[in-house]
Every structure is written in C-alpha cells, then in structure tokens.
Amino acid sequence: MKISRMLRILALALVMSLPVVLVPATPALALPEISLSSNSGSVGTEVTVSGTGFESFRGTEISIFFDNVEIAASPLTVPESGAFTASFEVPDDIEPGTAYVKITTVIGGEVRKSFIVEEPEIELDADEGVVGTVVTVEGRGFYAGGAVDLYYYRDGSRLNLGDETAGATGGFTYTFSVLDSNAGEHRIKAEDALDNSAEASFEVTPTISLSSASGAIGDELSISGAGFASDSDLDIYFSSIKMAQDTANKYGSFEVTLRVPTIESGAYDIEAEDNEDNKARAVFTVAAGATLNPTAGFVGAPVAVNGVGFRAGSIVIITYDGEQVATAVPGGN
Numbered sequence: 000m001k002i003s004r005m006l007r008i009l010a011l012a013l014v015m016s017l018p019v020v021l022v023p024a025t026p027a028l029a030l031p032e033i034s035l036s037s038n039s040g041s042v043g044t045e046v047t048v049s050g051t052g053f054e055s056f057r058g059t060e061i062s063i064f065f066d067n068v069e070i071a072a073s074p075l076t077v078p079e080s081g082a083f084t085a086s087f088e089v090p091d092d093i094e095p096g097t098a099y100v101k102i103t104t105v106i107g108g109e110v111r112k113s114f115i116v117e118e119p120e121i122e123l124d125a126d127e128g129v130v131g132t133v134v135t136v137e138g139r140g141f142y143a144g145g146a147v148d149l150y151y152y153r154d155g156s157r158l159n160l161g162d163e164t165a166g167a168t169g170g171f172t173y174t175f176s177v178l179d180s181n182a183g184e185h186r187i188k189a190e191d192a193l194d195n196s197a198e199a200s201f202e203v204t205p206t207i208s209l210s211s212a213s214g215a216i217g218d219e220l221s222i223s224g225a226g227f228a229s230d231s232d233l234d235i236y237f238s239s240i241k242m243a244q245d246t247a248n249k250y251g252s253f254e255v256t257l258r259v260p261t262i263e264s265g266a267y268d269i270e271a272e273d274n275e276d277n278k279a280r281a282v283f284t285v286a287a288g289a290t291l292n293p294t295a296g297f298v299g300a301p302v303a304v305n306g307v308g309f310r311a312g313s314i315v316i317i318t319y320d321g322e323q324v325a326t327a328v329p330g331g332n
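Okay, here's the thing in structure tokens:
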C-alpha cells in the first residue's frame, strides 16, 4: 500500500514538471450589421447601404434586397475587410409605409434594416388669414429631385401658384401670398410628375383697408374690402351709422368711396358686413378742422371761421399769428 501511494505521488510530480504550452484563443468576430444613409425618404430617394462585420463571408457573394426585390448592385463579393457599400434608388411603384433592406448570405443567414417610405403630405404654417397673407407650404414624400407643382382653388377653378424642386429625400418648401378670393375654405394642392399629390385647406377671412387712417369731416375716404362672400351685398357703417352699400365681385372684393360725416373728433370703427354675416372693421380717426371765409382780404376785414369736429360744449380758442383773437363754443351739431 505504501508502494502504491509512492507511485501516485511520483506520477503527479512528473506531470507537474512538464512544460506548459499556451494556445492563444481565436479572436471573436464582430457580428454582421448594416446601416442606411437615410432611414426614410420618398420615391426616387437614393439610399446607400453600408455593411460591416462580414469578415466570416470574405470572398463569398451576398445578395441585397429592398422590399423583397433584388437591387441592381446585387449580388456582390465581400472584400477582405468584411465591409462594403451599395446604393439603390427607391422605386416609383413602392407603396408608402415600412420597407426592409435585407442582406442574405450563401449559407442562408440574413441581416435587415427598416426604411420608411413617406406618403406625400403638405402642411401650412397658417390655416387661416386674409387675402395677401404669406403662407409657407412644407411638403414631404414627393419624387426626390423632381418638380412639384402647387395649386390654389377658387371659384371652381385651379390656379397654378408655381413649382418647387423636391430635395434628396422628397421634401420641399414653398411660399406664396393668398390670392384674391372669397370667404371660406380653399384647397391647396401639391402634385409631382408621378401623380403623387397631397392637399391642405386655407380659410380666407374678410378684411377692409382705408385710403387714409385719419381725416377731417367732409374728407373723401375710400374703403377696400376682400375676402367677403362672392357677389354678396354689403353695408358700410361709420360708427354704427350706415353710410353706403355695395356689391362684392365673385372673389369677394369691393371698393366704395364716402365722405367723413359730421361727427366729433376721435377714433371710430368703420365696418363692412355682407349678407352672409361676414364682417370686418378698421379704425378711422376724425380730426377737428376749420375753414376761413374769405381766405384773403384787407387789414380789419371780418373773417368767418367755421369749425367742425370739435367737442360740443367745449371752449375753442381762435388765434391769429399766435395771438388769441376769439373764442367759440361748439354746438351739438
């Protein structure tokens, strides 16, 4: 038994005295992955696929698909670096939504990445305003690099506002001023050569403008209006006093001229209202005024001063060359 134990100890010592050889472990390879130059875009967008970590497939062919259709640059042979790039253009027959870029290998594995095919749409930075409002249209999902036509609808007809070229991923920006048009909603449409289109609406609201912001009693005042109902009758009020009537044209515009009524000085609302209850107002300031009769004469000749627009019951001081020569108290008329 002692002999057997001694033999085991001797064998163990012999094993421990042998030289140890370290075998280096094989370095782990990175997993294959792909990235896209853009993760979304429209028809016509050029997309570059970049692959890395394909060292295990050096010298073999891989196939590249977009929306299950092999791209023109496929198949390709993986280089020694295990990295590659390939480009394709989003086809014009693809439907909006999520599509996939897929890489398949000779042994049947695959790597894929999602790509959003954008649906044509437009947005306005303002959805209502008066005629002449400057509106910016932001569009996306149109044919990349192609012309996009913009249209405005009024009075049953379509007017071409102009065109803009879509960017590399199908987006564009276009600015226009709202055309002379009647009150209510009007369609704005963007359309490209592939019949991709999108619409938005803009509501026109009425407005009036005055030829002058202030004046004296008896002065001529022109009032221009836009954005009222087509061919509608309008009433014009000066501080709730009905001063004139007119009829808008088919685009809801009109112009009327009146004289400032006899009224105390101050700020007053001028309002236009059509028979569909569209209304707009502006402020006009009546300034006090005076006339002389005669306007020339000899020293000592009597002069009549006629004043309008002064406050009833107030004291009005009349001066000549800076010297007070008379006072007056305006009546109620």
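Counted from 1, the sequence shown has number 102 at position 103 by numbering that gives the first Met the number 0; the numbering is strictly sequential. C-beta: ideal position from N, C-alpha, C; glycine also. All values derive from a computational prediction rather than experimental measurement.
State the DSSP-derived secondary structure class of residue i, mapped to helix, strand or coil.
i, result
"E54", "helix"
"N67", "coil"
"D179", "coil"
"R310", "coil"
"K101", "strand"
"F201", "strand"
"S238", "coil"
"T326", "strand"
"S196", "strand"
"K278", "strand"
"F227", "coil"
"L30", "coil"
"E79", "coil"
"I262", "coil"
"G321", "coil"
"S73", "coil"
Nearest to residue i by CA position, among the options, is which residue?
i, options, result
"A286", "A215, L178, S55", "A215"
"D218", "G161, A289, T326", "A289"
"D126", "G169, S176, E69", "S176"
"L35", "S229, S86, A279", "S86"
"S211", "L233, S62, R258", "R258"
"S213", "D268, E122, D91", "D268"
"N195", "E88, V147, E254, S73", "V147"
"D91", "T104, A281, E45", "E45"
"L193", "I70, V42, E32, S37", "V42"
"D154", "A143, E137, S180, S264", "S180"
"G170", "V136, E198, V129, R280", "V136"
"R111", "A143, L30, S55", "L30"
"A333", "G161, A300, I317, N38", "Residue 333 falls outside the range modelled here, since the chain spans only 0 to 332, and no answer is possible."
"G330", "V324, S313, Q323", "S313"
"K249", "D232, L160, E88, I61", "D232"
"I70", "T59, V89, A281", "V89"
"I347", "R57, G40, Y99", "For residue 347 there is no data in the structure shown, the boundaries of the chain being 0 and 332."
For residue i, which residues does DSSP report across the bridge?
i, result
"A303", "N292"
"T59", "According to DSSP, which records beta bridges pairwise, T59 is partnered with nothing at all."
"S41", "Answer is none; S41 lacks a bridge partner."
"E163", "V147"
"G96", "V116"
"F283", "Y267"
"V134", "F175"
"S252", "Note: S252 sits in no beta bridge, so no partner."
"F87", "V46"
"T206", "A225"
Under 8 Å, do residue i and residue j count as touching if we go by C-beta distance?
i, j, result
"T284", "A311", "no"
"F141", "D191", "yes"
"L220", "T261", "no"
"A271", "G224", "yes"
"L123", "A199", "yes"
"I102", "I33", "yes"
"V315", "A327", "yes"
Q.
Is it the case that the stretch 45-52 contacts the stretch 74-90, given that we only count it when at least three CB pairs across the two stretches are under 8 Å?
A. yes
Q. Counting Cβ pairs, one atom from each stretch, are 3 or more of them under 8 Å apart for the stretch 111-131 and the stretch 92-101?
A. yes
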